[in-house]
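Every letter in the sequence shown is one number past the one before it in the numbering used here, and letter 25, counting from 1, is 14.
Glycine residues also receive a C-beta, built at the ideal position from the N, C-alpha and C atoms.
Note that the structure is predicted; figures quoted are calculated from it, not measured.
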Amino acid sequence: MTTPICTDADLNARYGTTNVARWADLEGTWAEGEAESAEMTARRLLARTRATDLVYDRLRASTLNMNLPLSTVPSTLVDVTVRIAGWWLTSARGVTNYDQQGNPISRWFTEYRYALDILDKIVAQELRLDL
């Protein structure tokens, strides 16, 4: 199993502890101030792992391929992974509005697209990480 690039603390720092907990609670049983259920904790881990896998899958097409998994992860990749994990957590909640290209209209999808754009720039060598 891949060790996630980002931590729960990284997710909470970007989106807020309460927001992330609500996104992880698909059952809708969590109340603010309560401990998270095992399902919520597992869902957070799954989001971070899936996001990490996507980041590494994209980077395999780059010059970084031979160095994966990275022993030291630049903050740029932590940020990208957090954005993808945040989108993954929120995407199960459903979308009701779409743009003309069929993309969901939401802040979270914008965060996801931004993260993929950064990864594309790394692969194209338009952006170089300080490793």
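Measuring C-alpha to C-alpha distances from Leu105 to each of Asn1, Val67 and Asp119 identifies Val67 as the nearest. DSSP, reduced to helix, strand and coil, places Asn8 within a helical segment of the structure shown.
Taking the C-beta atoms as reference points, Thr61 is found no nearer than 7 Å to Cys(-5).
Using a Cβ distance threshold of 7 Å, Thr(-9) and Asp42 count as a contacting pair. Pairing Trp77 with Ala10 gives a Cβ-Cβ distance that is not under 7 Å. In this structure, the alpha-carbon of Leu15 lies about 9 Å from that of Arg32.
Cβ-Cβ separation between Pro63 and Asp119: approximately 6 Å, consistent with a contact (criterion under 8 Å).
Scanning Gln114, Glu25 and Gly75 for the CA closest to the CA of Glu100 turns up Gly75. Between the C-alpha atoms of Glu25 and Trp19 there is a straight-line separation of about 7 Å. Pro(-7) places its beta carbon less than 7 Å from that of Thr38.
The residue from Leu34, Gly22, Ala2 and Arg3 with its alpha-carbon nearest to that of Ala13 is Leu34. Residue environment analysis places Leu108 among the buried positions, since at least 16 neighbouring C-beta atoms fall within 10 angstroms of its C-beta. Taken through DSSP and simplified to helix, strand or coil, Asn92 comes out as coil.
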